[in-house]
Each structure stands twice: as C-alpha cells, then as structure tokens.
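So the sequence shown is numbered by UniProt numbering: it starts at 1 and just counts up by one.
Worksheet: the structure to be examined is printed underneath.
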Amino acid sequence: MIDSGTQYTFLVEAAYAEVRKEVVRLAGPKLKKGYVYGGALDMCFDGEPSEIGRLMGNVVFEFEKGVEISIDKERNLDDVGGGVHCVGIGRSESLGVTSNIIGNFHQQNLWVEFDVGNRRVGFGEADCSRTT
1 MIDSGTQYTF
11 LVEAAYAEVR
21 KEVVRLAGPK
31 LKKGYVYGGA
41 LDMCFDGEPS
51 EIGRLMGNVV
61 FEFEKGVEIS
71 IDKERNLDDV
81 GGGVHCVGIG
91 RSESLGVTSN
101 IIGNFHQQNL
111 WVEFDVGNRR
121 VGFGEADCSR
131 TT
C-alpha cells in the first residue's frame, strides 16, 4: 500500500525483522537501546545522522515486476527531537494492520505514478524543493 496519509513506512513482521537485523548489523553500536518513538519506531539513534546514514547506506524497497524505490542514506532517518534520529520504518502490526505501507516519509522527492488500467505503480525522482 502506498499511503500519503501515513507518516512513516510500516512493514509486516517478516520484512521488518529483516530490515531491523540489517540496520543492527550495520549501525547497531549507535542504536539507542530501549527507545521507541511514538510507540512505533524502535530503530533510533543518538549522534550525527550523516554518520549513521553512512553506516546504513541506502534502503531499497522492492515491488513486483522489478519496481524499486531507492531511499538515499540521507533520507532514512527522521529527526524526532532531542538529538534523536529514527529510521522511518516500523512494524505494521503496531498500527493493527498486516500490510506493508509506504508512508509519506519515503515518498518525499518522488513522483508516484498509478497505472490503474494495467495494475502497475511506478516511481521517479523529483526535486520538490523547486517550484514549477
């Protein structure tokens, strides 16, 4: 599901567990242990977000038929205040749903195209800092 009304991205448990395992492998020593933001985001860090982003690298969401969204390392962390930055991905079960949801945090600077007739979705890079 692609939902501009949901702030963050939420994944079903199996997908979330894989993402979390990789984040912990890459940036685990910087993890703020026991911290959960908003009851949903538990991959949070103290420290410089550019350093944490560099450790994590890009995140790629893969869809059917080879469609991908690549989220640049600088856009994986959200500043939640107090010097804490969280990966913008949580467990969908925390919302009471069992679906993957790509929220607006990971839709920033992307064109999202819905081809309803062919049941396809596509993504393209956009520069939303520019006015048209």
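Every residue, glycine too, gets a C-beta built ideally from N, C-alpha and C.
(message) In whole angstroms, give me the CA-to-CA distance for residue 112 and residue 87.
(response) 22 Å
(request) Could you check what DSSP says for residue 19 in three-state terms: helix, strand or coil? (result) Under the three-state reduction of DSSP output, residue 19 falls in the helix class.
(message) Determine whether the beta carbon atoms of residue 106 and residue 44 lie at a separation below 8 Å.
(response) No, the Cβ-Cβ distance between residue 106 and residue 44 is not below 8 Å.
(request) Kindly indicate the opening and closing residues of the alpha helix (DSSP H) around residue 50. (result) 49-56
(message) Just list the residues that DSSP pairs residue 94 with in beta bridges.
(response) Looking at the DSSP assignment, residue 94 forms no beta bridge with any residue, so it has no partner.
(message) Closest to residue 122 by C-alpha separation, out of 72, 97, 114, would be which residue?
(response) 114
(request) Go ahead and pull the three-state DSSP assignment for residue 24. (result) helix
(request) Could you tell me the distance, in whole angstroms, from the CA atom of residue 35 to the CA atom of residue 23? (result) Going by the C-alpha atoms only, they are around 15 Å apart.
(message) Given this structure, state the Cα-to-Cα distance separating residue 41 from residue 63, to the nearest angstrom.
(response) 23 Å
(request) Reducing DSSP to helix, strand and coil, say where residue 10 ends up. (result) Reduced to three states, the DSSP call for residue 10 is strand.
(message) In the DSSP assignment, the beta strand (DSSP E) including residue 4 goes from what residue to what residue?
(response) For residue 4, no beta strand (DSSP E) segment is defined, and its DSSP state is neither H nor E.
(message) With distance defined between alpha-carbon atoms, name the residue in 116, 101, 127 nearest to residue 6.
(response) 101
(request) Return the first residue and the last residue of the beta strand (DSSP E) that residue 115 is part of. (result) Where residue 115 is concerned, the enclosing beta strand (DSSP E) stretches over 110-115.
(message) Going by DSSP, what residue range makes up the beta strand (DSSP E) through residue 120?
(response) 120-125
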